[in-house]
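Trainee: Below: one structure in structure tokens.
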Amino acid sequence: MIRKCLFPAAGYGTRFLPATKSMPKEMMPIVNKPLIEYGVEEAIEAGMHDMCIVTGRGKYSLMDHFDKNYELEHQIQGTN
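Take the sequence shown: its letters are residues 3 to 82, numbered as in the numbering used here.
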């Protein structure tokens, strides 16, 4: 059974200019969340355990979106 998923997200997004000048196309909001999040959620529902997003240079918003900030989570839990 397939357990790994690869998301290619390394393009420049030139067909979506000027919208992609300030954010990667994968982070463009569709209804209430970024486009790539729909793909990740669907992969999880399909039973995928390992996922990899192949990005290009400067796509820090993509990394930041899926990154865990343990220090912030700890602070939020302490505020109750």
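For each residue, glycine too, the CB sits at the ideal point set by N, CA and C. As the structure is a prediction and not an experimental result, all values here were calculated from the model.
If distances are taken between C-alpha atoms only, which option among 7, 11 and 4 comes closest to residue 60?
Mentor: Here the closest residue by C-alpha is 11.
Trainee: Whole angstroms is fine: what's the gap from residue 8's alpha carbon to residue 51's?
Mentor: Distance between the alpha carbons of residue 8 and residue 51 is about 11 Å.
Trainee: Expressed to the nearest angstrom, what Euclidean distance is found between the alpha-carbon atoms of residue 13 and residue 56?
Mentor: Computed Cα separation, rounded: 10 Å.
Trainee: Between the Cα of residue 5 and those of 35, 46, 58 and 71, spot the shortest distance and give me the residue it belongs to.
Mentor: Nearest C-alpha to residue 5: 46.
Trainee: Output the boundary residues of the alpha helix (DSSP H) element that contains residue 38.
Mentor: First-last of the alpha helix (DSSP H) with residue 38: 37 to 47.
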